[in-house]
Amino acid sequence: MTSLGLPSYTFTFTQDDIDTLNGRPLAATDFLTGQTTATVGQTIDFGEDIGYDSSGCTRGETDEGAGFWPPGPECPEAVSTTMNLPVTVTPATETCWTGINSMGMLLNGVAIFNWSDGFSYNSESTWYNLAQKLELYDLGVCRGHAAGGLYHQHLDAPCFEAQVGETGSGHSALYGFAADGVPLYGPYVASGQRAQSCWVTRDYDDPSDSLGCGGTGARDCLLVDPLDPTQGTTAASHDGPSTSGTVTSLSGNRFVAETGLFFEDYYFDADCATGGLAYMDEHNGHEHDDLGYHYHMTESFPYMYGPTYYGSLDDNTLVSCSSSPYPSMGGGGMGGP
């Protein structure tokens with residue numbers, strides 16, 4: 028698969044969309060006039076000005092894309108990318124964690140990234156940020172943004188769903204391919220039935236949760252193996268924020284540190300995965316009918332697929348297996364009180 032990475036998305040605003048934009052915590056400064064210039068029923072093209080203060084979004088000496096991107100993200104560029112995929116999917120024989128940067132491609136050429144933004148709480152390389160959470164206000168209206176100029180998605184895109192005509196009236200269409208050659212389908216496994224992730228969160232506020240570090244709200248223990256919660260927990264080398272604390276993102280947005288903000292908050296529930304057609308395995312995929320093994324997008328972690336690949340990676344593909352679930356870069360991210 029070869030792509031320049033820039034989609035031809037369009038987006039039509041509903042009242043909910045306008046309310047969401049104007050309800051941003053930092054709307055007063057995120058928009059040049061304190062609110063979006065978009066209106067209900069307006070249809071825009073990818074990159075069209077909707078009133079954001081995108082003064083940091085430049086390409087060379089131009090401001091192409093300014094007004095479309097929230098403050099913080101860079102403008103995407105046409106980045107030529109070729110991804111070689113296995114013709115035949117071969118199940119992996121060893122655990123192969125997804126790494127940061129591209130781990131697949133949508134059919135329209137947009138890169139697929141995993142759960143990580145590459146940063147950790149207080150730069151301590153212990154509690155790693157979920158991009159889908161801490162970059163929430165850094166995403167454009169099509170729920171994507173750029174890194175190193177490369178536009179990508181960490182989660183499903185309403186603009187792509189509109190392109191493929193997703194209605195939820197049956198099994199979703201093919202959306203793209205993972206680097207291991209496994210097809211990625213949209214969020215529906217059947218009419219009106221969404222795929223369900225079986226990665227669940229620990230409860231740090233419940234003393235009866237054996238994985239919750241005592242149930243006091245503290246994040247001071249880590250899972251020995253998130254794929255096998257029966258192995259229990261071990262003391263963390265650095266504590267994370269309590270569930271009543273706050274975390275400030277790189278773009279200055281503050282979040283309550285409830286469970287689910289960090290990768291270490293999750294574990295795979297094998298019992299959940301036996302619940303039927305809609306419940307995904309540890310890779311966020313399953314096999315049924317004549318579709319063979321395939322991944323699905325889900326509304327919760329890991330959102331696309333992963334955090335491990337089902338299939339083996341070819342030596343000549345763009346990505347390689349990571350021996351650890353954690354990003355190789357661990358800096359960044361600011362802790363709140």
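According to the working numbering, numbering within the sequence shown proceeds without interruption in unit steps and concludes at 364.
Heads up, the beta-carbon is just placed ideally off N, CA and C, and yes, glycines get one too.
None of these values were measured; they are calculated from a predicted model.
Using alpha carbons as the reference points, say which of the options lies closest to residue i.
| i | options | result |
| --- | --- | --- |
| Tyr148 | Asp247, Met110 and Pro256 | Asp247 |
| Leu112 | Tyr155, Ala205, Asp183 and Leu211 | Ala205 |
| Thr117 | Phe40, Pro210 and Leu177 | Pro210 |
| Trp142 | Thr125, Gly131 and Leu304 | Thr125 |
| Ala297 | Ala93, Pro256, Gly176 and Ala105 | Pro256 |
| His224 | Cys348, Pro334 and Thr109 | Here the sequence assigns Ser to residue 224, which means His is not the residue at that position. Answer by Cα proximity: Pro334. |
| Pro34 | Pro253, Tyr320, Leu157 and Gln190 | Gln190 |
| Tyr330 | Ala158, Ala55 and Thr122 | Ala158 |
| Thr325 | Met110, Ala55, Ser129 and Tyr202 | Tyr202 |
| Asn370 | Asp207, Thr275, Tyr336 and Asp80 | A query on residue 370 cannot be resolved here, the shown segment of the chain reaching from 28 to 364 and no further. |
| Gly83 | Asp76, Glu285 and Ala93 | Ala93 |
| Cys123 | Ser237, Tyr336, Phe187 and Thr243 | Tyr336 |
| Asn280 | Thr39, Gly32 and Ala55 | Ala55 |
| Pro253 | Glu101, Thr194 and Glu309 | Glu309 |
| Val227 | Leu345, Cys299, Thr37 and Gly32 | Cys299 |
| Leu345 | Ala105, Pro52, Thr109 and Asp80 | Thr109 |
| Gly78 | Asp72, Thr64, Met307 and Leu340 | Thr64 |
| Asp266 | Thr37, Arg170, Ser347 and Tyr231 | Tyr231 |
| Cys186 | Gly192, Cys169 and Thr194 | Cys169 |
| Leu238 | Gln220, Ala245, Thr260 and Arg221 | Thr260 |
| Thr301 | Gln258, Glu314, Glu291 and Phe328 | Glu314 |
| Leu163 | Ala245, Leu53, Asn135 and Met132 | Leu53 |
| Asp44 | Leu304, Thr70 and Phe328 | Thr70 |
| Asn135 | Cys240, Ala119 and Glu188 | Glu188 |
| Ser347 | Tyr320, Glu121 and Cys240 | Glu121 |
Does the separation of the CB atoms of residue i and residue j fall below 8 Å?
| i | j | result |
| --- | --- | --- |
| Leu166 | Leu288 | no |
| Leu250 | Tyr294 | yes |
| Asn41 | Val67 | The question names Asn, but residue 41 in the sequence shown is Thr. The answer is yes: Cβ separation under 8 Å. |
| Phe95 | Gly74 | yes |
| Pro103 | Ala173 | yes |
| Ser278 | Pro98 | yes |
| Thr273 | Val283 | yes |
| Asp144 | Asn128 | no |
| Glu291 | Trp154 | yes |
| Tyr322 | Tyr306 | no |
| Ala184 | Gly192 | no |
Is the beta carbon of residue i within less than 7 Å of some heavy atom of the ligand ATP?
| i | result |
| --- | --- |
| Tyr294 | The ligand ATP is not among the ligands present in this structure, which contains no ligands whatsoever. |
Once DSSP output is grouped into helix, strand and coil, what is the label at residue i?
| i | result |
| --- | --- |
| Pro334 | coil |
| Leu185 | Before going on, a small fix: residue 185 reads as Pro here, not Leu. Note: Pro185 maps to helix in three-state DSSP. |
| Asp247 | strand |
| Ser147 | strand |
| Phe290 | helix |
| Pro23 | The shown model of the chain, from 28 to 364, leaves out residue 23, and the question about it has no answer. |
| Gln69 | coil |
| Gly87 | With a pLDDT of 45 at Gly87, under the threshold of 50, the modelled position of that residue is not reliable, and the figure given next carries that caveat. Coil. |
| Asp316 | coil |
| Arg270 | According to the sequence displayed, residue 270 carries Thr and not Arg. In the structure shown, Thr270 sits in coil (DSSP, three-state: anything other than H, G, I, E or B). |
| Tyr79 | strand |
| Ala300 | helix |
| Tyr164 | helix |
| Ala93 | coil |
| Met132 | strand |
| Ala305 | coil |
| Ala105 | coil |
| Ala119 | coil |
| Ala262 | strand |
| Ala284 | coil |
| Gly358 | Below a pLDDT of 50, predicted positions are generally treated as unreliable, and Gly358, at 31, falls in that range; no measurement from the model is reported. |
**Item:** At least 3 beta-carbon pairs within less than 8 Å: the stretch 209-225 vs the stretch 191-198
**Value:** Yes, the stretch 209-225 touches the stretch 191-198.
**Message:** With a threshold of 8 Å, are at least 3 pairs of Cβ atoms found where one atom belongs to the stretch 176-184 and the other to the stretch 342-356?
**Reply:** Taking 8 Å as the limit for Cβ pairs, the verdict is that the stretch 342-356 does not touch the stretch 176-184.
**Prompt:** Taking the runs of the alpha helix (DSSP H) that are 4 residues or longer, which of them lie wholly in the stretch 30-64?
**Reply:** Here the runs fully enclosed are 42-49 and 54-57.
**Item:** Minimum length 3: unbroken beta strand (DSSP E) runs contained in the stretch 170-223
**Value:** The DSSP assignment places complete beta strand (DSSP E) segments of no fewer than 3 residues inside the stretch 170-223 at 171-174, 177-180, 201-205, 210-212 and 215-217, in order along the chain.
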